[in-house]
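Protein chains in written order, with the numbering used here: chain C, 1 to 474; chain Z, 1001 to 1474.
Structure (structure tokens):
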């Protein structure tokens, strides 16, 4: 019951919000009274009040004493979303490893504002609760977690992950899941098991560079397909390529894509799975951001529509709980034996105690509470980023409108060199992720990915302002 | 100073022990008095007394009141060591995965005496101290270890591993080391980085099946070379193969080999490294058992003699502290960049908090204390196994004489089928590791590996007796 109410107030808040963003409600406009909306929509006054408070917390509206609620948010303009990518068909492939290394290295320096990275700031993590869990796990786990896990991983954890799958329409059981030391290891096991050197895989464009690096390490060929920044990979391109080329696997991030932020609509997901089934090709799905939705409910993933076991769905708690715990998993469908074997051969098992801590955290409902908080924080951050970018970035900027996750994708005017912007920004202790990192082709040189999974404060705002200034001056 | 004295008393105890084992001192013989040995050898009475107490604790001698120390150990006979292996040159290769899976699965059943496995029993681990370390790490580590480690791993840990390298004549610095989630991951990174599908690697025969599995997963060809059960891989065979074939890498376990128990003599190690340098081929060394020596000092490893950076030395604390912590490392010599990249691409980083716990454990001298204990336990277990095998196994048994580590290798008479013995033993809840697991060829069918890294008690003794009975009856 409580959750349904939650959804309702968020739903209403989002409706008002898009009216404000679209200019239907303009700055200074008065909102209908709580009582009026309640009557018109047949929804309790409590719920409408909650919705208005939500809008107020986002600085979209303000309450004026004895008068009501007024729109106080002014979006200078609506920045356009970048056009769908059109990766060149050239055979010239080049992973920009030096650039990736350089951006990674900025992580180790102190006092850098890490707009470049893809993990949550410590302030967003429930560290005290995890520590309690650690002490508990130490006491309850046989031999305090010093022994090896069985190959599939901690059973309690697998059970909780199965339970969690209900929210995206999955119907998993513990035995459908294999734990892994993080999501990238899950992807590594999947690709190692399913694709051999010289084989070809399909990815989105832009693609998460970790997938490109893995492919390089395993000597796989990569085809980047045109991708829409709102709806993900272009279905026609996918269809076309699947019917023309021998493909070993597709690797997609269907929800709140890294880096594009795109959210594949449910019917696209269905169609992708249908295509995979038709061609009998495995789909490796990275759903690590799926829980971090801004909307009223968790989006499905491709695994939701997987009836033949061709989808291997990978995830972890590295974006929500504790990157350093190295707790991830894969539901490998019909490929379970291969995945278990690959896990066994390459790493035996993953760390016992951190799996147990996460299992307990998931078991006791703390995860849902925590997710609600981190979602709200990410959404607020996103709004703050958009506001700051609107105010301080030049007019030619194109900007994605993610509905969840960690990332904004910015496209600057043609010819703009983001790599030299990176160097300039680093002189101000600001690290960004240049778009070129996310492709094997020479594209996205005028793009960048910004991480808003940070702790929002004056300093962060200042960094964004400086970045905007540096862009304007170039 | 204390350590030097330690070595001395153990040295003396081992001298007496080999005299007893060789029959120079027979059952009932009186040992020279403590005072007499002290005078003759110019060693303090304290040290000699310690040596005698050590022999007594091994049930090799007994003290008779007001009379002195007498030999009370009777080795029925000296079982011969198996002859060096001669793996067939046939192209027929077959990894016995089903067998390996079956043996692994026995780990998950309850109340099985796991003579088949290769890790220390919980009773041998310093669990209470590790738990204290965990609480400490939780309190001192930034963000309680929820954040990512930098790619090379915990710096304190790398520093401690470098310090530890002093004992084998290594001269490592923290920057010479990359941490990994366990030793098998270290081996996986090395092979992934250095050998591609179709490439050929050299291993010992018998070989640790984990290496054979990894090679299969990476589609490598494997040459098993003749191996001596006392001195390890046969140098002539190695020399010969290196000059005739294109080899991508050698993978050797130079100290207390799994499964053969062999200890490569220092001059062999030198020669192996020289050969590798001559042919410019990397040597991946698994030194995971190196600290578990029965003698007076830690043996060197191949890395000790590595002047050109061709040796990648892998290890972990999985055999000494906590398998479930997944804390291992590699000193990759000149291949550091490739190894770091492979680690980054396949797993990003390893678990932060368990690395910190191990770093603290190593830092505060507890590791040395613990190693002293576990070495003594393993040695006692080994003696007890040999005694029980002597008394309850048939005459045709050949048995290795490991000088450290976890494993005894038994060779039964030609034609003996150890796989059917495995089935019989499992009916008595005893799991053994059939020799066939340790080769791609059809060999070692009459052999088995026994793990003595267990908690010695009446039940374990009984299991060994039953195993002997089952062998005798076949």
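Where is the CB? At the ideal position from N, CA and C, for every residue including glycine. Since the model is a prediction, treat every value here as computed from it, not as a measurement.
Check	Outcome
What does residue 1143(Z) touch in chain C if you count any residue whose Cβ is under 9 angstroms from its own?	122, 125, 127, 322, 324
Should residue 1068(Z) and residue 1030(Z) be called a contact, given that it needs their Cβ atoms to be closer than 8 angstroms?	yes
Would a check of beta-carbon distances place residue 1163(Z) closer than 8 angstroms to chain C?	no
Just grab the DSSP bridge partners of residue 286(C) for me.	314(C)
According to DSSP, is residue 1320(Z) helix, strand or coil?	coil
Comparing alpha-carbon positions, which option in 1019(Z), 1276(Z), 1098(Z) lies nearest residue 1437(Z)?	1098(Z)
Terminal residues of the continuous alpha helix (DSSP H) containing residue 130(C)?	127-140
Measure the beta-carbon distance from residue 339(C) to residue 104(C) and round it to whole angstroms, keeping in mind my assumption that it falls under 8 angstroms.	Not a contact, Cβ separation roughly 27 angstroms.
Would DSSP call residue 447(C) helix, strand or coil?	strand
Within the continuous alpha helix (DSSP H) that includes residue 331(C), where are the two ends?	No alpha helix (DSSP H) contains residue 331(C), which is instead part of the beta strand (DSSP E) from 328-331.
Look up residue 1249(Z) in the DSSP assignment and say whether it is helix, strand or coil.	strand
Look at the alpha carbon of residue 224(C) and the alpha carbon of residue 177(C), and state the distance between them as a whole number of angstroms.	29 angstroms
Checking 8 angstroms against the spacing of the C-beta atoms, do residue 1399(Z) and residue 1448(Z) come in under that value?	no
Take residue 1193(Z) as the anchor and find which of 213(C), 196(C), 217(C) has the nearest alpha-carbon.	217(C)
Does residue 1373(Z) pass the burial test, meaning 16 or more other C-beta atoms within 10 Å, or should it be called exposed?	exposed
Could you check the C-alpha separation between residue 440(C) and residue 206(C) for me, to the nearest Å?	9 angstroms
Which chain Z residues are close to residue 438(C), counting only those with a beta carbon under 9 angstroms from its beta carbon?	What residue 438(C) touches in chain Z: nothing, since even the nearest Cβ is about 15 angstroms away.
Between the C-alpha atoms of residue 289(C) and residue 305(C), what's the straight-line distance to the nearest angstrom?	18 angstroms
Quick check on the DSSP output: what are the complete beta strand (DSSP E) runs of length 3 or more inside the region 61-115 of chain C, in order along the chain?	61-64, 68-71
Is it true that the region 363-378 of chain C meets the region 227-239 of chain C, where meeting means three or more beta-carbon pairs spaced less than 8 angstroms apart?	no
Give me, in chain order, the residues of the same chain whose beta-carbon lies closer than 6 angstroms to that of residue 465(C); leave out the 5 immediate sequence neighbours on both sides.	392
Is there at least one Cβ from chain Z nearer than 8 angstroms to residue 3(C)'s Cβ?	Residue placement at residue 3(C) cannot be trusted, given a pLDDT of 42 that sits under 50; the coordinates are not used to answer.
Please determine if the region 1108-1124 of chain Z and the region 1425-1432 of chain Z are in contact, where contact requires at least 3 C-beta pairs separated by less than 8 angstroms.	yes
Cβ of residue 1131(Z) less than 8 angstroms from any chain C Cβ?	yes
In the DSSP assignment, find the alpha helix (DSSP H) that holds residue 123(C) and state where it starts and stops.	Neither: residue 123(C) is in no alpha helix (DSSP H) and is coded neither H nor E.
Please confirm if residue 135(C) has its CB atom under 8 angstroms from at least one CB of chain Z.	yes
Terminal residues of the continuous beta strand (DSSP E) containing residue 222(C)?	221-228
Using a Cβ-Cβ distance under 8 angstroms, would residue 148(C) count as near chain Z?	yes
In the DSSP assignment, find the alpha helix (DSSP H) that holds residue 211(C) and state where it starts and stops.	209-217
Mind listing the chain C neighbours of residue 1181(Z)? Cutoff is C-beta to C-beta under 8 angstroms, in chain order.	181, 326, 347, 350, 351
For residue 1234(Z) and residue 1180(Z), what's the separation of their Cα atoms in angstroms?	30 angstroms
Closer than 8 angstroms, CB to CB, is residue 468(C) near chain Z or not?	no
Give a yes or no on whether the minimum CB-CB distance between residue 259(C) and chain Z is below 8 angstroms.	no
Using three-state DSSP, classify residue 1(C) as helix, strand or coil.	Low per-residue confidence applies at residue 1(C): pLDDT is 35, beneath 50, and the placement is therefore not dependable enough to give any value.
For my contact list, residue 1324(Z) and residue 351(C) are in at a C-beta cut-off of 8 angstroms; report their separation, rounded to the angstrom.	7 angstroms
For residue 276(C), go through chain Z and note every residue whose CB falls closer than 8 angstroms to its CB, in chain order.	By Cβ distance, chain Z contributes nothing, its closest Cβ being about 24 angstroms from residue 276(C), past 8 angstroms.
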